[in-house]
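Beneath this line is the structure, given in structure tokens, with notes to follow.
Number of protein chains: 2
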Amino acid sequence: MDKLRIGIIGLGTVASGVYKTLQDINNIEIIKIAVKNINKPRSVSVPKDMLTDNAYEVVNNPDIDVVVELIGGVEPAWDYISAAIKNGKHIVTANKELLAKKGEELFNLTEKHNRVCLYEAAIAGGIPIIMPIKTILAGNRIHKIQAILNGTTNYILTKMDVDGASYEDVLKEAQELGYAETNPTGDVEGFDAAYKITTLATIAFKKRVKIENVYREGITKIRKEDMAQANELGYKIKLIANATIDENGNADVRVHPMLISKDTTLAHINYVTNAVAMSGYPIGDIVLSGPGAGEFPTASSVVGDILAIQAEFGKTDYMLPMMRCHHEHKANPVNINDTYNKYYISITAPNAIGVIAKIGTICANKNISLASIMQKEVYENSTADIVVITEKCQERLIKEVVEELDNCTVNSLIRVAE
Amino acid sequence: MDKLRIGIIGLGTVASGVYKTLQDINNIEIIKIAVKNINKPRSVSVPKDMLTDNAYEVVNNPDIDVVVELIGGVEPAWDYISAAIKNGKHIVTANKELLAKKGEELFNLTEKHNRVCLYEAAIAGGIPIIMPIKTILAGNRIHKIQAILNGTTNYILTKMDVDGASYEDVLKEAQELGYAETNPTGDVEGFDAAYKITTLATIAFKKRVKIENVYREGITKIRKEDMAQANELGYKIKLIANATIDENGNADVRVHPMLISKDTTLAHINYVTNAVAMSGYPIGDIVLSGPGAGEFPTASSVVGDILAIQAEFGKTDYMLPMMRCHHEHKANPVNINDTYNKYYISITAPNAIGVIAKIGTICANKNISLASIMQKEVYENSTADIVVITEKCQERLIKEVVEELDNCTVNSLIRVAE
Chain A
1 MDKLRIGIIG LGTVASGVYK TLQDINNIEI IKIAVKNINK PRSVSVPKDM
51 LTDNAYEVVN NPDIDVVVEL IGGVEPAWDY ISAAIKNGKH IVTANKELLA
101 KKGEELFNLT EKHNRVCLYE AAIAGGIPII MPIKTILAGN RIHKIQAILN
151 GTTNYILTKM DVDGASYEDV LKEAQELGYA ETNPTGDVEG FDAAYKITTL
201 ATIAFKKRVK IENVYREGIT KIRKEDMAQA NELGYKIKLI ANATIDENGN
251 ADVRVHPMLI SKDTTLAHIN YVTNAVAMSG YPIGDIVLSG PGAGEFPTAS
301 SVVGDILAIQ AEFGKTDYML PMMRCHHEHK ANPVNINDTY NKYYISITAP
351 NAIGVIAKIG TICANKNISL ASIMQKEVYE NSTADIVVIT EKCQERLIKE
401 VVEELDNCTV NSLIRVAE
Chain B
1 MDKLRIGIIG LGTVASGVYK TLQDINNIEI IKIAVKNINK PRSVSVPKDM
51 LTDNAYEVVN NPDIDVVVEL IGGVEPAWDY ISAAIKNGKH IVTANKELLA
101 KKGEELFNLT EKHNRVCLYE AAIAGGIPII MPIKTILAGN RIHKIQAILN
151 GTTNYILTKM DVDGASYEDV LKEAQELGYA ETNPTGDVEG FDAAYKITTL
201 ATIAFKKRVK IENVYREGIT KIRKEDMAQA NELGYKIKLI ANATIDENGN
251 ADVRVHPMLI SKDTTLAHIN YVTNAVAMSG YPIGDIVLSG PGAGEFPTAS
301 SVVGDILAIQ AEFGKTDYML PMMRCHHEHK ANPVNINDTY NKYYISITAP
351 NAIGVIAKIG TICANKNISL ASIMQKEVYE NSTADIVVIT EKCQERLIKE
401 VVEELDNCTV NSLIRVAE
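Shown next as structure tokens:
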């Protein structure tokens with residue numbers, strides 16, 4: 001069998017794992033690796049003449065069949081990838097931001113040039129998810145995804161839960177341990193998870209979801225008190241990437257914290273582990289869980305994609321037909337204000353008795369049923385903490401309720417998973 | 001695109017689900033369905049002229065590209081499948097027994113005739129497992145599998161746990177509800193799970209495991225007292241299909257009940273749900289869970305296999321290269337007596353103080369460390385119930401311990417998962 005010749009752009013954590021893993025695998029030859037700085041000390045020992053600081057020596061290299069892009073971000077990655085496709089190369093990438101923002105252009109370009117772009121590593125790291133959806137689950141209509149797609153935030157929320165610690169304290173610790181970046185915004189504000197669910201929902205629903213229609217809320221406002229109260233009520237708080245689609249193609253796709261019942265598998269996915277729960281017809285409900293990031297787990301997915309290309313390379317004119325991405329149809333976006341959810345509301349009120357009646361009246365006037373309303377703590381100044389769990393109601397109405405609670409402090413408003 | 005023409009052998013639960021699912025899918029045409037009795041009333045409405053009571057009208061039909069075998073058992077299924085392959089047809093099957101007993105012959109025959117045999121539905125029903133292992137996980141060396149592969153036994157064990165009921169009572173209820181067969185042997189004695197782990201380990205380890213080397217123990221001796229004590233100790237009892245392979249190709253493959261820590265995902269897989277936990281390099285640990293049986297989940301896998309064939313049919317001479325099964329290498333079997341495990345032992349002893357000393361001495365003489373030894377109940381006749389948890393030790397030694405406890409009743413000896 002001829003060797004498949006690959007070039008890699010980037011030699012960070014994931015690329016190092018890919019390089020190491022490929023040492024044990026026959027029939028794959030690494031021709032060139034593009035890096036920013038050739039002389040930087042690295043954890044992986046790569047022959048000097050394999051390195052270049054000019055990515056176009058990979059992209060334009062006639063001896064390279066597949067370009068593996070592992071630098072992340074939209075630019076210059078998109079420049080490199082689009083040039084490579086035009087040069088007849090297949091692409092393997094772990095670039096979730098590029099897929100979310102340029103997916104449509106990217107897949108149109110690959111089809112135009114009869115090339116494939118595989119990206120298992122971009123979503124949920126090592127967990128097999130993209131290839132299963134596109135192959136063995138192809139006969140399904142998947143209508144719901146609930147997923148934990150960001151290890152950093154899941155680590156922070158797990159630590160807050162286990163240690164009873166505040167968000168700020170755990171973030172600091174996570175930064176010291178290298179689980180969170182110095183500028184944690186991409187993770188803690190939900191951007192990373194939003195990129196991933198955009199592509200995952202597009203693939204699962206077979207309709208293109210646009211990143212600008214994905215509602216996003218991070219975890220920075222979650223208090224340790226919310227964690228404790230959620231636990232008491234039989235829930236955990238997780239940053240959940242949600243996507244549902246109805247029969248008319250209306251796709252409700254969003255990332256935000258949720259109270260999720262301890263009876264579910266997702267509630268027990270802890271620390272940096274990721275998980276994807278999906279529901280569809282005919283399959284029913286499945287949950288896939290595993291490492292969502294890291295050198296070796298992510299390398300597993302990148303190498304799996306490379307081997308899929310290698311298996312068919314040179315044998316057929318139209319390679320990997322199931323892995324192609326045609327999405328002529330676009331999903332219709334659903335505004336968050338039009339969605340229906342259950343809510344957890346934590347309130348500090350000047351007078352417990354009065355406020356319970358007031359909340360009850362405000363909600364009743366909007367036809368919102370309450371599942372429970374509990375006084376948690378009464379302070380010396382006669383203010384009290386109250387926790388409300390609503391039944392399912394429209395988001396715009398619950399926002400009106402919050403506005404009308406004008407003499408109370410609403411500490412938290414968190415959606416509750418069904 | 002030309003339609004892929006399929007013939008189905010069998011029209012039971014799974015085949016009905018396949019028939020219904022295919023109604024929504026283009027480019028697949030059902031030509032013929034072989035059944036035992038054409039006139040039997042069915043839940044699915046199939047045109048009369050599509051049915052035949054002669055399976056050879058499917059197997060020998062020149063208008064059929066793919067034969068979908070859904071009758072189960074070795075004969076006559078093997079007759080039909082082997083004849084179909086020789087006639088140039090690709091195979092999709094859900095037949096775990098046939099795969100376990102005839103896998104080697106089957107895959108040699110498909111290679112000889114350049115045909116594929118896909119069997120996602122045979123292992124863990126709807127859970128995507130075979131195709132992921134063979135495609136996106138292909139770069140891994142998987143060295144460990146722990147799985148719940150039989151829904152009937154998992155249902156029985158879950159009900160025993162939840163209701164505090166005896167095996168006999170729950171079995172009876174499960175039979176009434178249709179979760180267990182009138183003759184439950186295939187499920188409760190672990191045959192079904194043994195068939196499945198034989199094939200799953202073969203695929204994951206890339207070395208052929210033989211069914212006769214798979215150690216097997218069922219759940220019929222599990223007592224409600226064992227359930228209660230396991231719970232108290234932080235465990236659940238599950239029928240676990242285990243497979244590990246070492247660097248020398250020694251494969252320890254077995255099915256038996258195990259105490260499994262509540263900290264693991266598998267401990268929370270309840271009722272008829274199945275799950276497969278796998279460990280490998282570079283991926284680390286993943287867990288895939290979902291419906292292990294049933295009309296529609298199993299149909300998802302059968303249809304996924306059909307669509308995989310359809311995607312490449314007629315486009316290449318050597319279809320689905322990653323899904324081929326070559327296993328020139330055989331795994332070396334490991335005898336259960338040579339394995340190392342932790343054990344739970346429940347003993348009823350004539351005299352608690354004496355027996356604790358005696359157990360301690362017998363174990364110490366064999367260099368077996370005890371993790372805990374607890375007196376659970378003292379009866380009026382001065383006998384006592386004692387529960388022992390050992391550290392890891394060799395199976396043959398623990399059997400000697402049981403033999404030497406000659407004046408006690410050993411109620412249960414159950415392995416404990418690490």
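Going line by line, the protein sequences match chains A and B. Numbered by our numbering, the letters in the first sequence go through residues 1 to 418 in order. Numbered by our numbering, the letters in the second sequence go through residues 1 to 418 in order. Note that the Cβ used here is the ideal one computed from N, Cα and C, for glycine as well.
- DSSP places PRO333 of chain B within a strand segment (E or B) once states are collapsed to three.
- Closer than 7 Å at the C-beta level to chain B, one finds no residue of the stretch 232 to 264 of chain A.
- Unbroken beta strand (DSSP E) stretches of 3 residues or longer found wholly inside the stretch 86 to 147 of chain A: 90 to 93, given in chain order.
- Taking C-beta atoms under 8 Å as the contact rule, GLY139 of chain B and VAL303 of chain A qualify, at a distance of about 3 Å.
- Interface with chain A (8 Å Cβ-Cβ cutoff): THR220 of chain B is excluded.
- Counting only Cβ-Cβ distances below 8 Å, TYR318 of chain B has contacts in chain A at LYS315, in chain order.
- DSSP links GLN394 of chain B through a beta bridge to B:TYR340.
- Put simply, the stretch 401 to 409 of chain A does not touch the stretch 44 to 63 of chain B. Fewer than three CB pairs are less than 8 Å apart.
- DSSP, reduced to helix, strand and coil, places THR244 of chain B within a strand of the structure shown.
- Look at MET319 of chain A here: in three-state DSSP terms it is coil, with no helix or strand label.
- Shown here, SER289 of chain B sits in a strand according to DSSP, grouped into three states.
- The shortest CA-to-CA distance from GLU328 of chain B to any of B:ILE211, B:CYS393, B:ILE237, B:THR202 is the one to B:THR202.
- Rounded to whole angstroms, the gap between the alpha carbons of ASN108 of chain A and ILE306 of chain A is 21 Å.
- Here ALA124 of chain B is actually not in contact with TYR155 of chain B; their C-beta atoms are around 15 Å apart, not less than 8 Å.
- In this structure the stretch 139 to 154 of chain A lies against the stretch 192 to 211 of chain A, because at least three pairs of beta carbons, one per stretch, are closer than 8 Å.
- In the structure shown, the three-state DSSP call for HIS327 of chain B is coil.
- For the pair LEU70 of chain B and THR199 of chain B, the CB atoms are not nearer than the 8 Å cut-off.
- For ASN270 of chain A, no beta strand (DSSP E) segment is defined, and its DSSP state is neither H nor E.
- DSSP places GLU225 of chain A inside the alpha helix (DSSP H), whose first and last residues are 224 to 232.
- Looking only at A:VAL416, A:ASN411, A:ASP169, A:TYR19, the smallest Cα-Cα distance to SER372 of chain A is reached by A:VAL416.
- In the DSSP assignment, ASP2 of chain A falls outside any alpha helix (DSSP H), carrying neither H nor E.
- Going by DSSP, ASN411 of chain A is part of the beta strand (DSSP E) stretching over 409 to 416.
- The Cβ atoms of GLY190 of chain A and SER301 of chain A lie no closer than 8 Å to each other.
- Shown in chain order are the members of the stretch 135 to 153 of chain A whose Cβ falls below 9 Å from a Cβ of chain B: THR135, ILE136, LEU137, ALA138, GLY139, ASN140, ARG141.
- For ASN154 of chain B, the enclosing alpha helix (DSSP H) has its first and last residue at 151 to 163.
- The beta carbon of ILE129 of chain A is closer than 8 Å to those of GLU120, ILE123, LEU200, VAL276, LEU288 in its chain, skipping five residues each way along the sequence.
- Counting along the chain, LYS20 of chain A sits inside the alpha helix (DSSP H) bounded by residues 13 to 22.
- Taking a Cβ-Cβ threshold of 7 Å, none of the residues of chain A is close to GLY12 of chain B; the smallest such distance is about 16 Å.
- Put simply, the CB of GLU97 of chain A is far from chain B, with every gap to its CB atoms at 8 Å or more.
- By the Cβ neighbour-count rule, ILE25 of chain B is exposed, with fewer than 16 other Cβ atoms within 10 Å of its own.
- Beta-bridge analysis with DSSP links GLY73 of chain A to no other residue.
- Put simply, the CB of PHE296 of chain A is near chain B, with a gap under 8 Å to one of its CB atoms.
- When secondary structure is reduced to three states using DSSP, VAL209 of chain B falls in the coil class, being assigned neither helix nor strand.
- Taking 9 Å as the upper bound on Cβ-Cβ separation, chain B lies near no residue of the stretch 324 to 339 of chain A.
- DSSP links THR264 of chain A through a beta bridge to no other residue.
- For ILE28 of chain A against LEU4 of chain A, the beta-carbon gap comes to about 5 Å, under 8 Å, which counts as contact.
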